[in-house]
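Quick notes on the structure that follows.
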DNA sequence: CAGACGTGGTT
DNA sequence: TAACCAAGTCT
């Protein structure tokens, strides 16, 4: 069978009409590829449209304050993508004279651009013959060629990249790469693919040997740690509240949140209140738990048990900010939901 | 290099 | 419903 030829033919008949496919300029391609990392098309699409509208060119993105970029990114997750996106826009606008690096090797040097994204931009925008290897490619190749290498193992990427490279028609890199991903997204889906309707079902090793559900092999299981958060929703005499920018290495770097009291285990109200009091650098008037049950917020690797506490004070807090002002800050989605529910007039 | 890093949809 | 997973990258 001529896998590549059939695949590209399938793609040309089945490709979706997506907003980042209107042209092949590096800017929209790069933007969409960053947004779609570990993210579904349906989830990323509205963000792409808003970004293109707010920042029609790399220059516009470079000139924006980081806070505005993060605010527009709010809710999409993996916020380092947004920070790296902004840093790279500046790099391109101010150091590279507004031009993206002209090849895979150069693109790979950009912040937030790894092997996958560099190959995607290089092939789609420049026609460079470099294979993309993403979750779709692992799945499609593992099934059709019956590759049972654990895709989470160290050597898997190299092996699948080599296989993809051997299949890639040098002059049709853009179509081939997008075809692999589109085929994985639409036909060769993770759960219960409709193999009866698949053009490769007579050749697919997984299908012909009854191993579609077993491939690709992924052994590593992700462990989730529980954390117990108490967010202090402060209200001073002016009705102002307190919010701080998170930095360091942990979750939500660059976003803002309320003063946080974290405990290593679940604590009762008396304990928690005592702890809250000891952390405050102002005199509280009242401390009241707002949430009856903890809000459960699940991240890919953490399960957050969050209580919100209203803390009032008779003082005027020097760094207090207006609630409407606070709502303009980029925040984790769980805080956004809280503010929408409790602060919306 | 194994683990950290979000959110939402699906099973 | 807990687990999986979705166009990965960084450290």
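In my numbering, the protein residues as written are 6 to 350.
By construction, the Cβ of each residue, glycine as well, lies at the ideal position given by its N, Cα and C atoms.
What you are looking at is a predicted structure, and each value in this text was computed from that prediction instead of being measured.
Annotation for residue 267: the continuous beta strand (DSSP E) segment containing it runs 265-268. Per DSSP, the unbroken alpha helix (DSSP H) holding residue 78 starts and ends at 71-78. Cα atoms of residue 175 and residue 155: separation of roughly 28 Å, rounded to the nearest angstrom. Under the criterion of beta carbons closer than 8 Å, residue 239 and residue 318 qualify as touching, at roughly 7 Å. Runs of the beta strand (DSSP E) spanning 3 or more residues and lying entirely within the region 22-50 do not occur at all. One alpha carbon belongs to residue 46, the other to residue 78, and they sit about 15 Å apart.
Per DSSP, residue 220 has no beta bridge partner at all.
Taking the Cα positions, residue 113 is about 13 Å away from residue 39.
8 Å or more divides the Cβ of residue 192 from the Cβ of residue 16. The beta carbon of residue 132 lies closer than 8 Å to those of 176, 178 and 179 in the same chain, with the five residues before and after it left out. Between the region 230-245 and the region 304-316 there are three or more inter-stretch CB-CB distances shorter than 8 Å, so the stretches are counted as touching. Out of 260, 259 and 298, the CA that lies nearest to the CA of residue 271 is found in 298.
Inclusion of residue 147 and residue 221 in the CB contact set at 8 Å is warranted, their separation being smaller than that value. A Cβ-Cβ contact shorter than 8 Å links residue 63 with residue 94. Assigned with DSSP and collapsed to three states, residue 205 falls in coil, not helix or strand.
Rounded to the nearest angstrom, the gap between the Cα atoms of residue 67 and residue 118 is 16 Å.
Judged by DSSP in its simplified three-state form, residue 65 adopts helix. Taking the Cα positions, residue 195 is about 32 Å away from residue 108. Counting other Cβ atoms within 10 Å of its Cβ, residue 215 stays below 16 and is therefore classed as exposed. Contact between the region 194-214 and the region 262-282 is absent: fewer than three C-beta pairs spanning the two stretches fall below 8 Å.
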